[in-house]
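Enquirer:
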Amino acid sequence: MLAKTNDKFVLSLKPENILKEPYNRVELLGSEIIKPTIELVYHLRVAPDSRIVLINWLLFRDDLPVIYDNQFIPYFPGISPWNDDFEYNSFSEIVNQRNHLYITQERIHIEAVGCDAQAAEKLNIPEDTPVMQITQNLMDNDDPLGMRKLYIRKECCKLTGITYLP
Numbered sequence: 051m052l053a054k055t056n057d058k059f060v061l062s063l064k065p066e067n068i069l070k071e072p073y074n075r076v077e078l079l080g081s082e083i084i085k086p087t088i089e090l091v092y093h094l095r096v097a098p099d100s101r102i103v104l105i106n107w108l109l110f111r112d113d114l115p116v117i118y119d120n121q122f123i124p125y126f127p128g129i130s131p132w133n134d135d136f137e138y139n140s141f142s143e144i145v146n147q148r149n150h151l152y153i154t155q156e157r158i159h160i161e162a163v164g165c166d167a168q169a170a171e172k173l174n175i176p177e178d179t180p181v182m183q184i185t186q187n188l189m190d191n192d193d194p195l196g197m198r199k200l201y202i203r204k205e206c207c208k209l210t211g212i213t214y215l216p
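Yeah, the sequence shown ends on 216 if you go by the numbering used here, and it's all consecutive.
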């Protein structure tokens, strides 16, 4: 006999679904090709001398910065990981632009952390202020396609899910 599992939820990590109030402005802070940190080497399974595309966004509600979004995608010459208009999209939409052939899955880690100096500066809060950090790893058959880190002001964050009962 199968046991009912009432504690498995579907959770959307689109910014409009994790903010208490919607954002109304997005600012592209920049994109660059970087050398991977030890964390990126581990999570993206890339060589230490490889290159990573880093795209930074800041989402605002009026003049208040509410989400600092860092997207890390392994760099492949000749393949652009962003769309032509460089608009803000969901992370999976950006990565899937270059990966139409495979079914992808996301692994997430959600944790309250003390804000590091860079994220604190972007969110205009003191360093070590608690924020909600959501780390997403996009995978294809257990092979990493990209990683994203969202830093969300704690007073602006909410998580809501739905379960489908058997």
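Think of the CB as a built atom: it goes at the ideal place given N, C-alpha and C, for glycine as much as any other residue.
What would DSSP say about Y167, mapped onto helix, strand or coil?
Expert: Going by the sequence as given, residue 167 is Ala instead of Tyr. A167 falls in the helix class under three-state DSSP.
Enquirer: Between the beta-carbon of L225 and the beta-carbon of I105, is there less than 8 Å?
Expert: Outside the shown range of the chain (51 to 216) lies residue 225, about which nothing can therefore be said.
Enquirer: Quick check on the burial criterion: 16 or more other C-beta atoms within 10 angstroms. Buried or exposed for V116?
Expert: buried
Enquirer: Please check the pair P180 and A162, which I expect to be a contact at CB under 8 Å, by giving their CB distance rounded to whole angstroms.
Expert: 5 Å
Enquirer: What does the alpha-carbon distance come out to for the pair N67 and R198?
Expert: 16 Å
Enquirer: Expressed to the nearest angstrom, what Euclidean distance is found between the alpha-carbon atoms of C206 and L108?
Expert: 14 Å
Enquirer: Using 8 Å for Cβ pairs, my map puts F59 next to T213. What's the rounded Cβ distance?
Expert: Contact between F59 and T213 is confirmed by a C-beta separation of about 5 Å, below the 8 Å threshold.
Enquirer: Among the residues of its own chain, which have a CB less than 7 Å from the CB of E171, if the five just before and after it don't count?
Expert: none
Enquirer: Applying the criterion that 16 or more other CB atoms from any shown protein chain within 10 Å of the CB defines a buried residue, is L65 buried or exposed?
Expert: A small correction: the amino acid at residue 65 is Pro; Leu does not occupy that position in the sequence shown. Buried.
Enquirer: Which partner residues of S81 appear in the DSSP bridge assignment?
Expert: According to DSSP, S81 bridges with I105.
Enquirer: Which residue's Cα is closest to the Cα of F82: F122, G164, G128 and L209?
Expert: According to the sequence shown, residue 82 is Glu rather than Phe. Measuring from the Cα of E82, the nearest candidate turns out to be F122.
Enquirer: With DSSP as the reference, label P65 as helix, strand or coil.
Expert: helix
Enquirer: Quick check on the burial criterion: 16 or more other C-beta atoms within 10 angstroms. Buried or exposed for R157?
Expert: That one is exposed.
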